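Take the sequence shown: its position 428, counting from 1, is numbered 428 in full-length UniProt numbering, and each next residue is one higher.
Where is the CB? At the ideal position from N, CA and C, for every residue including glycine.
Since we're looking at a predicted model, the values are computed, not measured.
Read the structure below first, then the notes.
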Amino acid sequence: MQKRKRRFLKKGQNLMMLRTLRLEKAKKAELQKELTIYNALTKCKLTSSEVVPDVNKLLKSNTIGNLVESLGHGNKNKIRADAADALAHIASGSSEHSNLIAKAGAVPRLIRLLQSPDPEVCEKGILSLGNLLHFAPNLRDYIIRHGLMQKLMSIIQDKSTCTLMLSHVTWVLRKLCISSQPSPPDNAAEIIQALNIVLYNPEANVLEDALMAVRNLAHGNETIQMLLDFEVVPRIIYLLEHPNVTVQNAALQALINIATGSEEQIQELLNNNLLPHLSALMSNSDPDIRCQVLKLLLNIADGNIFQRHAIMNAGLLHKILECLKADAISLKSAAALTITTLAIDKDKNLLCYLMRQGVIPEFCNLLFCQERDILSNVLDILSTILDVDPSFSAEVSGIIEWSGALNNIRMLQSSEHEEIAAVARKIIGNYFPAKPHIATKF
1 MQKRKRRFLK
11 KGQNLMMLRT
21 LRLEKAKKAE
31 LQKELTIYNA
41 LTKCKLTSSE
51 VVPDVNKLLK
61 SNTIGNLVES
71 LGHGNKNKIR
81 ADAADALAHI
91 ASGSSEHSNL
101 IAKAGAVPRL
111 IRLLQSPDPE
121 VCEKGILSLG
131 NLLHFAPNLR
141 DYIIRHGLMQ
151 KLMSIIQDKS
161 TCTLMLSHVT
171 WVLRKLCISS
181 QPSPPDNAAE
191 IIQALNIVLY
201 NPEANVLEDA
211 LMAVRNLAHG
221 NETIQMLLDF
231 EVVPRIIYLL
241 EHPNVTVQNA
251 ALQALINIAT
261 GSEEQIQELL
271 NNNLLPHLSA
281 LMSNSDPDIR
291 CQVLKLLLNI
301 ADGNIFQRHA
311 IMNAGLLHKI
321 LECLKADAIS
331 LKSAAALTIT
341 TLAIDKDKNL
351 LCYLMRQGVI
361 PEFCNLLFCQ
371 ERDILSNVLD
381 ILSTILDVDP
391 SFSAEVSGII
401 EWSGALNNIR
411 MLQSSEHEEI
421 AAVARKIIGN
431 YFPAKPHIAT
441 KF
């Protein structure tokens, strides 16, 4: 009995030793793993204020692979957050860096970080995904297919989400709407639903990103119709009255793109009482805001004759003419282009009104500008006014000669841009023919 007891004790001692050895081995492996991750993080932190390491160096050291591995559930939250932060920095290197991160399998792991109860882990995951989208827009659909929108929508709908986190999410939505691909994202409807929620947030930076996301998304009649169907437009128009200038500007840019749609879609904008808001903004002291309003009016005027008349009936023509007389060349050129489009129907009453408001000298002054688009539009409107009624031509040609713009038109006959040269030759040939030379007798 005694002998068997000794053997039992010896066996027990061996098992304890084995357990101890296994624990020590596991601890060493964990320490080695943390050391590998630490080294990868250190390399990134050392270069955070410098250029991101070359792709070949990252591949040789397996830095990205180690960082992606450290995003897994088995690691401490601090390590997961730091690894996501380091990947965000590497992604900022180039599109090649970002695609390399995606190829290493980071995307599904980063998306899983978004459901972490640790706010830092979630935040770093969002920012890393945002950088991937920013520097490699080609990854958009790949990232979406891994369920990004469901995670973002959960964060948006969670009432406990802090403002900072919501601003990060909206920034990612903005990046999702930028793509090198001509087609909209497959889940554009989900994105619009998310934007329709954040557009009611009171924070200016959240609103700006949401509006810029709409601007980026509003390309093509199909997507524009989705924005109209989800009733995003009334909220955007309401935000034109926001006290923050950046929000106003972003709202205008979103509407400018929406107004590139069909005539029916432009009419829906007008049906939402858009023009009175634009009339108020035309009195804004910020020239950038007025310039954006003119671009929006230009797109509306490009619709049909009824939409052009709606602009004039809203009393906006007088305010457009005021911009034509402004000092800023950007305002003058935008106003000239808008007036040219409003006059495209060659309405004699409108052209007569424009003449009586003194637009001809202002157009002539713009002929001293060197910008191709401005010259082309000014020559077009002058040619239209000269052609529409013989009673206009003598007065208009007199103003052109008096202002000194005639010499500019003569020089533009030899412009390298054929469309400009052709209109200039037409004006000179029809209204300023060369006077016959009369020899003097002595």
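Rounded straight-line distance, which links the Cα of residue j to that of residue i
i, j, result
"I237", "H277", "8 Å"
"I289", "V378", "23 Å"
"G303", "K159", "42 Å"
"P202", "A328", "33 Å"
"S414", "L386", "21 Å"
"A213", "H146", "21 Å"
"L129", "L176", "10 Å"
"N62", "A91", "15 Å"
"T161", "I111", "17 Å"
"L337", "E96", "41 Å"
"I428", "S333", "23 Å"
"T47", "N77", "Note that T47 scores 44 on pLDDT, short of 50, meaning its location in the model is unreliable; the coordinates nonetheless yield the value given after this. Cα-Cα distance, rounded: 23 Å."
"C352", "I258", "32 Å"
"N56", "A81", "25 Å"
"L275", "L350", "19 Å"
"M1", "N75", "At M1, the pLDDT of 48 sits below 50, so the modelled position is not reliable and the matter cannot be decided from this model."
"H219", "T260", "8 Å"
"M282", "L375", "24 Å"
"N313", "E268", "17 Å"
"F363", "H417", "19 Å"
For residue i, the three-state DSSP class (helix, strand or coil)
i, result
"V198", "helix"
"T260", "coil"
"S414", "coil"
"L71", "coil"
"L366", "helix"
"F306", "helix"
"V232", "coil"
"A204", "helix"
"M282", "coil"
"P361", "helix"
"L316", "coil"
"L46", "Confidence in L46 is poor, its pLDDT being 43 and thus under 50, which makes the residue's placement too unreliable to answer from."
"residue 444", "As displayed, the chain neither begins before 1 nor continues past 442, which places residue 444 out of reach and without an answer."
"A422", "helix"
"E268", "helix"
"N187", "coil"
"D118", "coil"
"A326", "coil"
"V378", "helix"
"P276", "helix"
Rounded Cβ spacing between residue i and residue j (contact assumed at less than 8 Å)
i, j, result
"L252", "Q292", "4 Å"
"L297", "I320", "7 Å"
"I64", "L100", "6 Å"
"P184", "D141", "That belief does not hold up - the Cβ atoms of P184 and D141 are roughly 10 Å apart, past 8 Å."
"D380", "T340", "6 Å"
"V107", "I156", "Not quite, the Cβ-Cβ distance comes to about 20 Å (not below 8 Å), so this is no contact."
"L255", "Q307", "Between Q307 and L255 the Cβ distance is about 14 Å, and since that is not below 8 Å, they are no contact."
"T384", "K426", "Not quite, the Cβ-Cβ distance comes to about 11 Å (not below 8 Å), so this is no contact."
"V232", "L195", "7 Å"
With 16 other Cβ atoms within 10 Å as the buried cut-off, status of residue i
i, result
"R109", "buried"
"H318", "exposed"
"G125", "buried"
"V86", "It is Ala, not Val, that sits at residue 86 in the sequence shown. It counts as buried."
"V423", "buried"
"P390", "exposed"
"G315", "exposed"
"M149", "buried"
"P53", "buried"
"Y431", "buried"
"G72", "exposed"
"S262", "exposed"
"S285", "exposed"
"H168", "buried"
Opening and closing residue of the alpha helix (DSSP H) in which residue i lies
i, result
"T163", "T163 to L176"
"A136", "Unbroken run through A136: none, as it is neither H nor E."
"T340", "I329 to L342"
"P243", "Run containing P243: none; DSSP gives neither H nor E here."
"G107", "One detail in the question is off: residue 107 reads as Val in this sequence, not Gly. Start and end: A106 to L113."
"P287", "P287 to A301"
"P390", "P390 to S403"
"E96", "S95 to K103"
"H219", "No alpha helix (DSSP H) contains H219, which DSSP labels as neither H nor E."
"K60", "V55 to S61"
"A81", "N77 to A91"
"L151", "Per the sequence shown, the amino acid found at residue 151 is Lys instead of Leu. Where K151 is concerned, the enclosing alpha helix (DSSP H) stretches over L148 to Q157."
"D141", "R140 to R145"
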